[in-house]
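Colleague:
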Amino acid sequence: SYLHTINIQTIIQNYARGMWTIFAGFSFPFHRQIGLSTKNTAILIVVLLFLLSSYRLAYDLYKQHPIKKQEQLRSNCRTFVIGLLLWVAGYFPIILNFPPNIYGHLSRVNIFSIPGASIMIFAAINAFFSSIFGHHELSIKSTIITGVVLSLIGSIIQIQVQDSYNASWTDTKLFYSNLFTLVPNVKDDTHLVLLLSGYEIEEGIYRPLYSSSWEAKCAIRTLYDNDSLSISYRYERRKTPDYPSSISLASTLETDTTEQAFNRDPQSLLVLQYDNNSKTLSIIHDIQNTLVTNSNTSYTPENNITSLLAPIPARELVTSP
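Given below as structure tokens:
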């Protein structure tokens, strides 16, 4: 695993690369589109009002306790070092487990580094403006305004990310609604094979139906309430984010796991074709052109489909209302 190969040199290199992730979050993953719905515009206005209130509070506090130039420089240095130490400590979990990244699936492991990174950014910005402006009040004003702008940009990006993930979840629920209509239940030991198309996203970040084989297996076994089931899938084409790469976090980038079906008895297979663009799901009857198997046994997918005898509560989470 990645943890077994890590050493002091790798840790230092990853911390150096990790510095990039602090600023990359202000531009990743949407480089050109800034579409906001009415609801998100209202959210952004609330965020802006909160930031402006914070600006006013911070400026009033400074007015009550102004800092001289030399004291301000020392204060910025101390604050930056404190932020750096907090960031180093907070970023350590992801350094040990993954290469530095800003991939949405792993945002939870970046949470501990956020306070330290924020302190570092504000200390560096304030030191920069203090070196340019001789007027201390102007440097404080500029620092706070810059912080408001950066926070606003970060809010816009996070809104876009959430919109994109919500759209992905809507598509996922449509798939499961179609699946349970076509295949209400399956026999024990059935192996589902999904041939997926319509996941070619050229801009932005999009969560496809499945990112890894374990994820697909857990979902199918839960939603059919049957631990004997197995599943594999193959994307016709799939656009993955620039980060992470195929080297790091490879398990999140699986696009073809159909080799699992190679040694399976064709009688246990149920091969389905799903087009995410048209939202259509169909049963594949000719697997010779779509799936390679090592058996000449006949393939009769309908024999593995059965009726649902009792409701499965977990399905309510993934089906469209």
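Residue numbers (the working numbering): 411 to 731. All C-beta atoms, glycine included, are put in the ideal place defined by N, C-alpha and C.
Among the candidates Ser-642, Ile-694, Leu-680, Asp-675, whose CA atom is the shortest distance from the CA of Glu-669?
Modeller: It is Ser-642 whose Cα lies nearest to the Cα of Glu-669.
Colleague: So who's on the other strand from Ile-453, going by DSSP bridges?
Modeller: Per DSSP, none; premise fails for Ile-453.
Colleague: Quick one: Cα of Leu-506 to Cα of Leu-592, how far?
Modeller: For Leu-506 and Leu-592, the distance between alpha carbons rounds to 44 Å.
Colleague: Could you check whether Phe-532 and Gly-564 sit closer than 8 Å to each other, using their CB atoms as the reference points?
Modeller: Cβ distance not < 8 Å, so Gly-564 and Phe-532 don't count as in contact.
Colleague: Is the CB-CB distance between Asp-675 and Ser-638 below 8 Å?
Modeller: Contact flag unset, no.
Colleague: Of the choices Phe-502, Ala-452, Thr-632, whose alpha-carbon is the least far from that of Ile-418?
Modeller: Considering only alpha carbons, the answer is Phe-502.
Colleague: For the alpha helix (DSSP H) that Leu-560 lies in, which residues bound it at each end?
Modeller: Segment 546-592, the alpha helix (DSSP H) holding Leu-560.
Colleague: Could you tell me if His-695 is buried or exposed, where buried requires 16 or more neighbouring beta carbons within 10 angstroms of its beta carbon?
Modeller: Its Cβ having fewer than 16 others within 10 Å, His-695 is exposed.
Colleague: Reducing DSSP to helix, strand and coil, say where Gln-683 ends up.
Modeller: Gln-683: strand per DSSP, three-state reduction.
Colleague: How is the beta strand (DSSP E) around Leu-602 delimited, first residue to last?
Modeller: 601-607 is the extent of the beta strand (DSSP E) around Leu-602.
Colleague: Are the Cβ atoms of Lys-583 and Val-728 separated by less than 8 Å?
Modeller: Yes; because the gap between Cβ atoms is below 8 Å, this pair is in contact.
Colleague: Give the DSSP-derived three-state secondary structure of Arg-442 in the structure shown.
Modeller: Below a pLDDT of 50, predicted positions are generally treated as unreliable, and Arg-442, at 49, falls in that range; the measurement from the model is reported next regardless. In this structure, Arg-442 counts as coil in the three-state DSSP scheme.
Colleague: To the nearest angstrom, report how far apart Arg-488 and Ile-555 are at their CA atoms.
Modeller: Spanning the two alpha carbons is a distance of roughly 22 Å.
Colleague: Quick one, are the C-beta atoms of Tyr-709 and Leu-604 less than 8 Å apart?
Modeller: No, these two residues do not count as a Cβ contact at 8 Å.
Colleague: Can you give the Cα-Cα distance for Tyr-634 and Ser-640, rounded to whole angstroms?
Modeller: Taking the straight line joining both Cα atoms gives about 11 Å.
Colleague: Any idea what DSSP makes of Tyr-620, helix, strand or coil?
Modeller: DSSP places Tyr-620 in coil when its eight states are reduced to three.
Colleague: Could you name the residues of the same chain whose beta carbon sits closer than 6 Å to that of Asn-588, not counting the 5 residues immediately before and after it, in chain order?
Modeller: Same-chain partners within the cutoff: Leu-691.
Colleague: Just to confirm the assignment, what range does the beta strand (DSSP E) spanning Ser-678 have?
Modeller: Taken as a continuous stretch (DSSP letters only), Ser-678 belongs to no beta strand (DSSP E), as it is neither H nor E.
Colleague: What did DSSP end up calling Ile-641 once you bin it into helix, strand or coil?
Modeller: Strand.
Colleague: Quick one: is Ile-432 buried, meaning 16 or more other Cβ sit within 10 Å of its Cβ, or exposed?
Modeller: By the neighbour-count rule (16 or more Cβ atoms within 10 Å), Ile-432 is buried.
Colleague: Tell me the DSSP bridge mates of Ser-528?
Modeller: Ser-528 is not bridged to any residue.
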